[in-house]
Amino acid sequence: MASNPVEEQPWSWTRLRAFLECPKLFEHQYIQNMELVKRPRAFLVGSAIHRFLEVWYATWDESQALKSVRGVFDNIDTSSFSKEEMDQYHNDYAMVLGICPAYAKVYLPDKDNFSSILTEQKFKFSFGKHSFLGYVDLLVKDKEGKWWIMETKTRSMSTNISNEFRSSYINGQLLSQAYGARQSLKIPVQGVIFNIIKKPGIRLRKGETREAYRNRVIIEYTQHYQAKGYFQRFEMMLDKRHVENFLKSTKATLMVARKFYKDGFFPLNSQACDGKYGQCAFLSACLSGKYSSLLYRRKQ
Ligand code: SF4
Numbered sequence: 097m098a099s100n101p102v103e104e105q106p107w108s109w110t111r112l113r114a115f116l117e118c119p120k121l122f123e124h125q126y127i128q129n130m131e132l133v134k135r136p137r138a139f140l141v142g143s144a145i146h147r148f149l150e151v152w153y154a155t156w157d158e159s160q161a162l163k164s165v166r167g168v169f170d171n172i173d174t175s176s177f178s179k180e181e182m183d184q185y186h187n188d189y190a191m192v193l194g195i196c197p198a199y200a201k202v203y204l205p206d207k208d209n210f211s212s213i214l215t216e217q218k219f220k221f222s223f224g225k226h227s228f229l230g231y232v233d234l235l236v237k238d239k240e241g242k243w244w245i246m247e248t249k250t251r252s253m254s255t256n257i258s259n260e261f262r263s264s265y266i267n268g269q270l271l272s273q274a275y276g277a278r279q280s281l282k283i284p285v286q287g288v289i290f291n292i293i294k295k296p297g298i299r300l301r302k303g304e305t306r307e308a309y310r311n312r313v314i315i316e317y318t319q320h321y322q323a324k325g326y327f328q329r330f331e332m333m334l335d336k337r338h339v340e341n342f343l344k345s346t347k348a349t350l351m352v353a354r355k356f357y358k359d360g361f362f363p364l365n366s367q368a369c370d371g372k373y374g375q376c377a378f379l380s381a382c383l384s385g386k387y388s389s390l391l392y393r394r395k396q
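Each number in my numbering comes from the position in the sequence shown (counting from 1) with 96 added on.
Take a look at the structure:
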């Protein structure tokens, strides 16, 4: 671990978001360097779909992209899963294997609609003494020569897309990506294409094989994606003022982070303990003041 992780390690949107959400959370994750023993399964479907898209857009090879999905699932340590969690894990895999080929079929015209597609682009820029690192998963250039960040979001059927994405106008992750693409990759990003993929309402039926379920998902997504809104896209132009605000507010945030680190005190934000995606994973550590080895381990 670096002697001063606040100043000597590069910042990223993930680190910054943790600090903004709760300074104590940042301390758990990046000063004490702790992580969960059991990775929450909730993010698995989204991660696997992201991986599929990265490989598919880089190669246009569906079978290679599906193999990479297997890799995401294989990387999960399932040794402590209950039977129910294990069943859900296999069901999620079948669901992803159904959604991805349907996506490839519906969005095959992307091959012609974009004149250039770049995947997994790393960027880096400086903030005074700090550096900021990140990746843009997908950058696309339209036929008019405009560059867009293609931001894929996996959401449940019940998500109200228009409400959720209103705040995206000032989303620090996208603003940092746009600035990073311009500074580091010399790509003038105009805006963001939100690529929304909704998870199916349909579940594995009693007695149904996972292969049959997968096929049912493929049919559901290829035939009803418009009516049911499984695949949706909308564009949003990026406002230069918001990028400038992001830079200014991040500079101020990093000054505060340096002070907290110098004082050895990262305050708790109890407002964030029950978040949008459930209870904070570090609640047990905050309540007990200890890291149970059943729940947490030091990052490698
Ligand atoms: S449990 Fe609450 S106070 Fe503790 S790190 Fe999480 S959000 Fe912060």
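All C-beta atoms in this analysis are idealised placements derived from N, C-alpha and C, irrespective of residue type, glycine included.
ask   = What first and last residue would you give for the alpha helix (DSSP H) that runs through D359?
value = As a first step, residue 359 is located in the sequence shown; it is residue number 263 there, counting from the start. Bounds of the alpha helix (DSSP H) holding D359 are K336 to D359.
message = Cutting at 7 Å between CB atoms, please list the residues of its own chain near R278, excluding the five before and the five after it.
response = In the sequence shown, counting from the first residue as 1, residue 278 sits at position 182. Hits under 7 Å: P284 and V285.
Through-space distance from F342 to E216, alpha-carbon basis = Mapped onto the sequence shown, residue 216 falls at position 120. Mapped onto the sequence shown, residue 342 falls at position 246. Rounded to whole angstroms, the gap between the alpha carbons of E216 and F342 is 22 Å.
inquiry  = By DSSP's criteria, F290 is part of a beta bridge. Which residues make up the other side?
reply    = As a first step, residue 290 must be located in the sequence shown, where it is residue number 194. Under DSSP, F290 takes part in a beta bridge, and its partners are E247 and F330.
inquiry  = Quick check on the DSSP output: the alpha helix (DSSP H) that includes H39 runs from which residue to which?
reply    = This structure cannot speak to residue 39, because the chain is shown only from 97 to 396.
Per DSSP, cross-strand counterpart(s) of T215 = As a first step, residue 215 is located in the sequence shown; it is residue number 119 there, counting from the start. According to DSSP, residue pairing for T215 in a beta bridge involves L234.
query = Using the beta-carbon count (16 or more within 10 Å), is N291 buried or exposed?
reply = Taking the first residue of the sequence shown as 1, we reach residue 291 at position 195. By the neighbour-count rule (16 or more Cβ atoms within 10 Å), N291 is buried.
ask   = Would you say the beta carbon of L379 comes nearer than 6 Å to a heavy atom of the ligand SF4?
value = Taking the sequence shown and counting its residues from 1, one reaches residue 379 at position 283. It does: the Cβ of L379 is within 6 Å (strictly closer) of some heavy atom of the ligand SF4.
query = In its own chain, which residues sit with a C-beta less than 8 Å from the C-beta of N311, not counting the 5 before and 5 after it?
reply = Locating residue 311 in the sequence shown gives position 215, where the first residue counts as 1. Non-local C-beta neighbours of N311 in its own chain, meaning closer than 8 Å and more than five positions away in sequence, comprise G194, ordered along the chain.
query = If we ignore side chains and look at the alpha-carbon of each, how far apart do L229 and A144 end up?
reply = Along the sequence shown, read from residue 1 onward, the residue named residue 229 stands at position 133. Along the sequence shown, read from residue 1 onward, the residue named residue 144 stands at position 48. Straight across, the Cα-Cα distance linking L229 with A144 is about 23 Å.
Distance, P197 Cα to K134 Cα = Residue numbering aside, residue 134 sits at position 38 when the sequence shown is read from its first letter. Residue numbering aside, residue 197 sits at position 101 when the sequence shown is read from its first letter. So the alpha carbons of these two residues sit roughly 29 Å apart.
ask   = Does DSSP put D183 in a helix, a strand or coil?
value = Residue numbering aside, residue 183 sits at position 87 when the sequence shown is read from its first letter. Helix at D183.
request  = Could you spell out where the alpha helix (DSSP H) holding L162 opens and where it closes?
outcome  = On the sequence shown, position 66 is the one that residue 162 refers to. Taken as a continuous stretch (DSSP letters only), the alpha helix (DSSP H) holding L162 covers E158 to D170.
key: E104 - containing alpha helix (DSSP H), residue span   = Along the sequence shown, one-based indexing puts residue 104 at 8. Per DSSP, E104 belongs to the alpha helix (DSSP H) from P101 to E104.
query = Can you tell which of Q128, Q396, P363 and V288 has its C-alpha closest to the C-alpha of Q269?
reply = For the purposes of this step, residue 269 is taken as residue 173 along the sequence shown, with counting starting at 1. If we check each option's Cα against that of Q269, V288 comes out closest.
query = Within the present structure, is the beta-carbon of L121 separated from the nearest heavy atom of the ligand SF4 by less than 6 Å?
reply = Within the sequence shown, the letter at position 25 stands for residue 121. Yes, the Cβ of L121 comes within 6 Å of a heavy atom of the ligand SF4.
request  = Please work out which residues of its chain come closer than 6 Å, Cβ to Cβ, to Q125, disregarding the five sequence neighbours upstream and downstream, and give them in chain order.
outcome  = Position 29 of the sequence shown, counted from the start, is the residue given in the question as residue 125. Taking Q125 as the centre and dropping the five residues before and after it, the same chain places the C-beta of A114 closer than 6 Å to its C-beta, in chain order.
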